[in-house]
């Protein structure tokens, strides 16, 4: 005797809703410097090689956002975080470094800008008035090499060096050096 009997499209509707609720759930993606040149797919078995690649995947492909778990290593890049995305080191600042020395800023569309201006190491800025909130974290990194510039809408602002929070943004920044 069947455990579940459905009439019409009830069973199909249940399956479709279950699929969408999974797709809209927050995700965890992984980054490990030893997976370079990558690109990786963000799984624990095949992590991204760059932090920004993982952030942009969550921003562009996962409406609910998620967490980027960063394994030990030195990441030579400037990063930009967005609402709904936390970036967390798995092992802390003594073994996980973001080094933005000579790296360009990341634009709102997740592409590096073409300017030769070096950027702040970590940017948390708002998009259309919405930025990272206190639920979004940057946690557990040694942050070096930020040049004190951030590129916003074609203008260069001489502020920040390590972390720059701007606009309607209020991320939690904790356990960094």
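In this note's numbering, the protein residues as written are 100 to 276. We put the CB at the ideal spot given by N, CA and C, even for glycine.
Alpha carbon to alpha carbon, how far is residue 246 from residue 142?
32 Å
Length-filtered (4 minimum) alpha helix (DSSP H) runs lying within the region 148 to 232:
150 to 160
Closest by C-alpha distance to residue 178, when choosing among 267, 240, 273 and 162
240
Straight-line gap, residue 230 to residue 244 (C-alpha atoms, nearest Å):
24 Å
Quick check on the DSSP output: the beta strand (DSSP E) that includes residue 142 runs from which residue to which?
No beta strand (DSSP E) contains residue 142, which DSSP labels as neither H nor E.
Does the distance from the C-beta atom of residue 222 to that of residue 166 stay below 9 Å?
No.
When you compare only the Cα positions, how much space is there between residue 183 and residue 147?
19 Å
Pairwise C-alpha distance: residue 193 and residue 145
24 Å
What does the Cβ neighbour count give for residue 133, buried or exposed, with the cut at 16 atoms within 10 Å?
exposed
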